[in-house]
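**Q** Take a look at the following structure, please.
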Amino acid sequence: MRTAHRTCPLCDAVCGLRIELDDDRVTGVRGDPDDPFSQGYVCPKGASLGRIDEDPDRLRTPMIRTGDQWREATWDEAFRAVEKGLTGVFEKHGRQSVAAYFGNPTFHTMGGIFYRGPLSQSLGTTNLYSAGTIDQMPKHVSCGLMFGNAMAISVPDLDRTDHLLVIGANPAESHGSLCAAPDFPGRLKAIRARGGRIVVLDPRRTRTADLADEHVFVRPGTDALLLFALVHTLFAEDLTTVRVETEGLGELRAHAAPFTPDAVSAATGVPAATIVRLARELASAPTAAVYTRMGTSTADFGTLTQYLVDVLNTLTGNLDRPGGVMFTRPATLEVPWGPRPFTSGRWHSRVRQLPEALGELPVATLADEMETPGEGQVRALICVAGNLVLSAPNGPRLGRALDGLDFMVCVDPYLNETTRRAHVILPPPRMMQMPHYDLLLLTVTVRNYTRFSPPVLPLEPGQLSEAEIMARLCLIAAGRGADADPAAVDEMVLGELLGAGAQIPGSPFEGMEAAEARALLDGDSGPELMLDAMLRLGPYGLSLAELREHPHGIDLGPLKPRLKEVLGTESGLVRLAPAELGGEIGRLRKRLAAPAPPMVLIGRRQLRSNNSWLHNIPSLMGGSNRCTLHIHPDDLARLGLDTHARVVSATGDLVVPVEPDDRIMPGVVSLPHGWGHAGSAQRTASLHPGVNANALTDDSATDALSGNAVFNGAPVTVAPAPAPAGTGRAAPHRVPLPVVAA
Ligand SMILES: Nc1nc2c(c(=O)[nH]1)N[C@H]1C(S)=C(S)[C@@H](COP(=O)(O)OP(=O)(O)OC[C@H]3O[C@@H](n4cnc5c(=O)[nH]c(N)nc54)[C@H](O)[C@@H]3O)O[C@H]1N2
Ligand SMILES: Nc1nc2c(c(=O)[nH]1)N[C@H]1C(S)=C(S)[C@@H](COP(=O)(O)OP(=O)(O)OC[C@H]3O[C@@H](n4cnc5c(=O)[nH]c(N)nc54)[C@H](O)[C@@H]3O)O[C@H]1N2
Ligand code: SF4
Ligand SMILES: [Mo]
1 MRTAHRTCPL
11 CDAVCGLRIE
21 LDDDRVTGVR
31 GDPDDPFSQG
41 YVCPKGASLG
51 RIDEDPDRLR
61 TPMIRTGDQW
71 REATWDEAFR
81 AVEKGLTGVF
91 EKHGRQSVAA
101 YFGNPTFHTM
111 GGIFYRGPLS
121 QSLGTTNLYS
131 AGTIDQMPKH
141 VSCGLMFGNA
151 MAISVPDLDR
161 TDHLLVIGAN
171 PAESHGSLCA
181 APDFPGRLKA
191 IRARGGRIVV
201 LDPRRTRTAD
211 LADEHVFVRP
221 GTDALLLFAL
231 VHTLFAEDLT
241 TVRVETEGLG
251 ELRAHAAPFT
261 PDAVSAATGV
271 PAATIVRLAR
281 ELASAPTAAV
291 YTRMGTSTAD
301 FGTLTQYLVD
311 VLNTLTGNLD
321 RPGGVMFTRP
331 ATLEVPWGPR
341 PFTSGRWHSR
351 VRQLPEALGE
361 LPVATLADEM
371 ETPGEGQVRA
381 LICVAGNLVL
391 SAPNGPRLGR
401 ALDGLDFMVC
411 VDPYLNETTR
421 RAHVILPPPR
431 MMQMPHYDLL
441 LLTVTVRNYT
451 RFSPPVLPLE
461 PGQLSEAEIM
471 ARLCLIAAGR
481 GADADPAAVD
491 EMVLGELLGA
501 GAQIPGSPFE
511 GMEAAEARAL
521 LDGDSGPELM
531 LDAMLRLGPY
541 GLSLAELREH
551 PHGIDLGPLK
561 PRLKEVLGTE
571 SGLVRLAPAE
581 LGGEIGRLRK
591 RLAAPAPPMV
601 LIGRRQLRSN
611 NSWLHNIPSL
621 MGGSNRCTLH
631 IHPDDLARLG
641 LDTHARVVSA
651 TGDLVVPVEP
661 DDRIMPGVVS
671 LPHGWGHAGS
681 AQRTASLHPG
691 VNANALTDDS
701 ATDALSGNAV
711 FNGAPVTVAP
721 APAPAGTGRA
731 APHRVPLPVV
741 AA
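By full-length UniProt numbering, the letter at position 215 of the sequence shown is numbered 215, and the numbering carries on one by one without gaps.
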């Protein structure tokens, strides 16, 4: 029996966990009371980490598919198959014909975060995709345009704010996103306990809305109109207090002119008087923070809406001050991500001419790139930690496109809806066998904080770490073959890091030869050595050894103003009216008069779920974790629905069980994503299959500036349907599943 301490890798809240083990079996998981940031908080998912880690359906060896048959393979065999598959495509069709997708967990694993850059580079293709363009790319682009730095993402100062306006986020269930705050629900309660106010704008009255003082329904996809009307009111009533240096204030005022509260009221569904009151409350609060996430990021006008949120924070004097929104100071070196000053659209996708952002192309056009013949057609895919068939817009179409590829390799612990279409699956080890550091999430914490988790369990003899898997893929992509030593990739990355460090005045490696600096580094694996270098180059001068000495994490203090350090604009000012937004503002003006579709679809996240991959854990299934269509009782009656509905969109057609819910806005239905496991090799998931909501989302709908998918607000028709025969569940998948021959 022993106890290990470790950060939960499952969501953005970075909770510290206290894990009890009996040999290599996890016997209990609780919150770590000694973690200064999470202070013992744990949610049902974190408490199930042992069951997730030990899921008997996780793959333990590489798998190779021939026809419909899967077989277990040795690592050498698997990498030789990858080398053959990839080089075949390179030689026949060129480098551009190979694409890579990096899914959500690559933002949470060291193997993902440290090696996606090297792998992308060694592939030599611009067909690079990630969960970024089905999630937060609008935020990066808006921060790029406003602050000149795509990573200048401010977080609400949750623990000090007097007023929080939450728009299209449900942290009571998601536990927060691009805002790392363990026990987000508790922090919300604390705002009200100290006399503050919380307002939620959402087409559903969510659990977050239950924790708020006020909830306001807003029609999906119309937040940009509503926010412009708030900006308009601030100007009209002379309520602006700009405390940072800006440019474009006059132009912003002119842009906001047409968006009066009266003008936007019909389209948004929000009464004009409410809009005026919300603006006054925001301006008069001693401190206030406006926070938004998926609801507006994956909706029409995504980038414009993210920008308007930061405009509101700026106009009310809340940008970069305690109680407002601030920029975290992470413990690691901040490496520029994307060009500085920021630009996007440096190249475009081949088929639809969609713009690049942060070196990536939009996932919404990946199927086009696979299906459309011609030079540069994608014929092979490396998919790392992604379940695209369930996660991407028009997922079933993408699934068919994957079936047509010459070669596909997945780095994934499961045989699922996406990986079953691959030729080779390379499984990472159990979470407990991996070191963990949240390189990305620790840049958006609501307190400055850091924590490293060494592996709890060793790798088994012959087992590969995720970092080694990624490094070997890099070497194959670089033409160095399946047998090359993965340490070569680590040394290359370390060399680059230390080379950069040598140039930084005052850094511990200033002026040093690479070998001299390299000898100072400490770590049991490539990613640990990289982390050590980044910590030493970071603003607190920490090291991996110091983090190891603090297994519960280190509190680095409350957030402090630091806008000047993160600003990357040429003028050194915050750009309040970037010219790049002109086209979208013009399009939004036209939206004022456009008729609204009678019924639209939105998503919802579920407390015991995590996108597409936790439905195989018995302890997490049940309760509200069901794939049902939430619909207002008035709509249910009007449409004459009984137990099931047929939902039809521009791309798909599903039969789903309905759940009447007066907490959803009339004219809006909600279906969670990540379901659709009929016939899955994941045994528990296949018993609770649900349907793939992304059969209904339209891959032709993207945010103009970021290329991000538009999931929320898809027009649909809803009609009565009989329950599917036999099961009483929704319509089954048509694709036959391969059999696992163990
Ligand atoms: N309709 C609709 N669609 C959505 C959304 C929505 O709100 N509505 N949300 C979008 C958002 S925000 C996101 S982030 C995407 C997520 O979409 P994806 O990027 O596809 O991520 P997941 O669905 O989380 O799938 C994760 C995959 O990684 C595997 N995995 C788990 N742990 C590991 C690991 O340690 N290493 C590796 N290599 N693999 C691992 C899992 O088995 C699974 O196959 O979905 C998007 N899709
Ligand atoms: N339990 C759980 N936690 C998760 C995840 C999970 O799947 N399950 N996924 C993780 C991931 S990858 C992410 S990105 C985060 C996301 O974190 P959040 O963004 O907090 O999660 P969502 O539940 O998608 O919240 C979006 C909210 O926007 C609302 N909404 C939909 N359309 C609109 C609109 O047009 N306007 C407005 N104003 N609101 C709208 C929805 O009703 C919903 O309440 O959660 C992370 N945490
Ligand atoms: S809130 Fe997120 S990080 Fe915390 S225990 Fe739950 S899943 Fe893990
Ligand atoms: Mo996400």
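From the three backbone atoms N, C-alpha and C, an ideal C-beta is built for every residue, glycine too.
Report whether the distance from the Cβ of residue 171 to the nearest heavy atom of ligand 2 is below 6 Å.
**A** Taking the first residue of the sequence shown as position 1, residue 171 is located at position 171. Yes, ligand 2 has a heavy atom inside 6 Å of this Cβ.
**Q** Counting only runs that start and end within the region 455-535, where is the alpha helix (DSSP H) found for 4 or more residues in a row?
**A** You should have 466-477, 487-503, 514-520.
**Q** Looking only at its chain, what residues have a beta carbon closer than 6 Å to the beta carbon of residue 471, apart from the 5 residues adjacent to it on each side?
**A** The residue given as residue 471 occupies position 471 in the sequence shown. 486, 489.
**Q** Under 8 Å, with one C-beta from each stretch per pair, do the region 573-589 and the region 298-306 reach the 3-pair mark?
**A** Output reads yes: the region 298-306 touches the region 573-589.
**Q** Closest to residue 240 by C-alpha separation, out of 582, 285, 638, would be which residue?
**A** For the purposes of this step, residue 240 is taken as the residue at position 240 of the sequence shown. Closest by alpha carbon: 285.
**Q** Could you spell out where the beta strand (DSSP E) holding residue 743 opens and where it closes?
**A** Because the chain spans 1 through 742 in this model, residue 743 falls outside it and cannot be assessed.
**Q** Just how far apart, CA to CA, sit residue 351 and residue 365?
**A** Along the sequence shown, read from residue 1 onward, the residue named residue 351 stands at position 351. Along the sequence shown, read from residue 1 onward, the residue named residue 365 stands at position 365. Each residue's alpha carbon lies about 8 Å from the other.
**Q** By the three-class DSSP mapping on this structure, what secondary structure does residue 622 have?
**A** Against the sequence shown, residue 622 aligns to sequence position 622. Of the three classes helix, strand and coil, the one that applies to residue 622 here is strand, per DSSP.
**Q** Would you call the CB atoms of residue 152 and residue 140 closer than 7 Å?
**A** Counted from its first residue, the sequence shown places residue 152 at position 152. Counted from its first residue, the sequence shown places residue 140 at position 140. Going by C-beta atoms, residue 152 is not nearer than 7 Å to residue 140.
**Q** Whole-angstrom Cβ separation of residue 630 and residue 584, contact assumed at under 8 Å?
**A** By 1-based counting over the sequence shown, the position of residue 630 is 630. By 1-based counting over the sequence shown, the position of residue 584 is 584. About 30 Å; that fails the 8 Å criterion.
**Q** By a C-beta neighbour count over all protein chains shown, 10 Å radius and 16 as the cutoff for buried, is residue 338 buried or exposed?
**A** Within the sequence shown, numbered from 1, the residue matching residue 338 stands at position 338. Burial call: buried.
**Q** Which one or two residues does DSSP pair with residue 102 in a beta bridge?
**A** Within the sequence shown, the letter at position 102 stands for residue 102. Looking at the DSSP assignment, residue 102 forms a beta bridge with 130, 384.
**Q** Give a yes or no on whether the C-beta atoms belonging to residue 336 and residue 570 are separated by under 7 Å.
**A** Within the sequence shown, numbered from 1, the residue matching residue 336 stands at position 336. Within the sequence shown, numbered from 1, the residue matching residue 570 stands at position 570. Going by C-beta atoms, residue 336 is not nearer than 7 Å to residue 570.
**Q** Using a Cβ-based criterion (distance less than 6 Å to any ligand heavy atom), does residue 438 qualify as near ligand 4?
**A** Within the sequence shown, residue 438 is the residue found at index 438, counting from 1. Checking every heavy atom of ligand 4 against the Cβ of residue 438, none is found closer than 6 Å.
**Q** Which of the three DSSP states is assigned to residue 670 in this structure?
**A** Position 670 of the sequence shown, counted from the first residue, corresponds to residue 670. Residue 670: strand per DSSP, three-state reduction.
**Q** Do residue 15 and residue 50 have their beta-carbon atoms positioned less than 7 Å apart in this structure?
**A** Within the sequence shown, numbered from 1, the residue matching residue 50 stands at position 50. Within the sequence shown, numbered from 1, the residue matching residue 15 stands at position 15. Going by C-beta atoms, residue 50 is not nearer than 7 Å to residue 15.
**Q** Compare the C-alpha of residue 401 against each of 421, 568, 348, 231 and name the closest.
**A** Against the sequence shown, residue 401 aligns to sequence position 401. Residue 421 is the option with its Cα nearest to residue 401.
**Q** Comparing C-alpha positions only, which one of 63, 86, 357, 23 sits nearest to residue 481?
**A** Here residue 481 is taken as the residue at index 481 of the sequence shown, counted from 1. With distances taken between Cα atoms, residue 481 lies closest to 86.
**Q** If you run the structure through DSSP and keep just helix, strand and coil, what is residue 320?
**A** For the purposes of this step, residue 320 is taken as the residue at position 320 of the sequence shown. Coil, per DSSP.
**Q** Could you check which residue in 557, 581, 498, 510 has the C-alpha nearest to that of residue 530?
**A** In the sequence shown, counting from the first residue as 1, residue 530 sits at position 530. It is 498.
**Q** Taking only the alpha-carbon atoms, compute the straight-line gap between residue 179 and residue 599 and give it to the nearest angstrom.
**A** Counting from 1 along the sequence shown, the entry for residue 179 is found at position 179. Counting from 1 along the sequence shown, the entry for residue 599 is found at position 599. Straight-line Cα distance between these residues: approximately 31 Å.
**Q** Listed in chain order, which residues are found with a beta carbon closer than 5 Å to a heavy atom of ligand 6?
**A** Ligands present in the displayed structure are limited to ligand 1, ligand 2, ligand 3 and ligand 4, and ligand 6 is not among them.
**Q** Do residue 406 and residue 380 have their C-beta atoms within less than 7 Å of each other?
**A** Working through the sequence shown from its first residue, we reach residue 406 at position 406. Working through the sequence shown from its first residue, we reach residue 380 at position 380. For residue 406 and residue 380, yes; Cβs fall inside 7 Å.
**Q** If I follow the unbroken beta strand (DSSP E) through residue 4, where does it start and stop?
**A** Taking the first residue of the sequence shown as 1, we reach residue 4 at position 4. Note, residue 4: beta strand (DSSP E), 2-7.
**Q** Using CA atoms only, rank isn't needed, just tell me which of 452, 393, 521, 119 is closest to residue 713.
**A** Locating residue 713 in the sequence shown gives position 713, where the first residue counts as 1. Selected option, being the one with the closest Cα: 393.
**Q** Taking 7 Å as the threshold (C-beta atoms), are residue 218 and residue 270 in contact?
**A** If you number the sequence shown from 1, residue 270 lands on position 270. If you number the sequence shown from 1, residue 218 lands on position 218. Yes.
**Q** Residue 404 to residue 692, Cα distance in whole Å?
**A** Counted from its first residue, the sequence shown places residue 404 at position 404. Counted from its first residue, the sequence shown places residue 692 at position 692. Near 20 Å, if we compare the C-alpha coordinates of residue 692 and residue 404.
**Q** How many Å lie between residue 367 and residue 349 at the Cα?
**A** Here residue 367 is taken as the residue at index 367 of the sequence shown, counted from 1. Here residue 349 is taken as the residue at index 349 of the sequence shown, counted from 1. Whole-angstrom Cα-Cα distance: 12 Å.
**Q** To the nearest angstrom, how far is it from the Cα of residue 473 to the Cα of residue 79?
**A** Position 473 of the sequence shown, counted from the first residue, corresponds to residue 473. Position 79 of the sequence shown, counted from the first residue, corresponds to residue 79. The straight-line gap from Cα to Cα measures roughly 8 Å.
**Q** CA-CA distance, residue 467 and residue 328?
**A** Translated into the one-based positions of the sequence shown, residue 467 becomes position 467. Translated into the one-based positions of the sequence shown, residue 328 becomes position 328. Taking the straight line from one Cα to the other gives about 27 Å.
**Q** What is the rounded straight-line gap between the Cα of residue 729 and the Cα of residue 113?
**A** Mapped onto the sequence shown, residue 729 falls at position 729. Mapped onto the sequence shown, residue 113 falls at position 113. Reliability fails at residue 729, whose pLDDT of 45 lies under 50, so the model's placement of it is uncertain and no value is given.
**Q** Note down the Cα distance separating residue 207 from residue 572, rounded to an integer number of angstroms.
**A** One-based indexing of the sequence shown puts residue 207 at position 207. One-based indexing of the sequence shown puts residue 572 at position 572. Between residue 207 and residue 572, the C-alpha separation is close to 40 Å.
**Q** Just to check my reading of the structure: residue 299 and residue 220 have Cβ atoms closer than 8 Å, yes? What is that Cβ distance to the nearest angstrom?
**A** Here the question's residue 299 lines up with position 299 in the sequence shown. Here the question's residue 220 lines up with position 220 in the sequence shown. That pair is a contact at about 6 Å.
**Q** Go to residue 448, then tell me how far its beta strand (DSSP E) extends in each direction, as first and last residue.
**A** For this step, residue 448 is matched to residue 448 along the sequence shown. From DSSP, the beta strand (DSSP E) with residue 448 extends over 447-450.
**Q** Is residue 337 near ligand 1, going by C-beta to nearest heavy atom under 6 Å?
**A** Position 337 of the sequence shown, counting from 1, holds the residue named residue 337. No, the Cβ of residue 337 stays beyond 6 Å of every heavy atom of ligand 1.
**Q** Quick test of your reading: residue 132 and residue 358, contact by CB under 8 Å. State the CB separation rounded to the nearest angstrom.
**A** For the purposes of this step, residue 132 is identified with residue 132 of the sequence shown, where counting begins at 1. For the purposes of this step, residue 358 is identified with residue 358 of the sequence shown, where counting begins at 1. Confirmed, about 7 Å.
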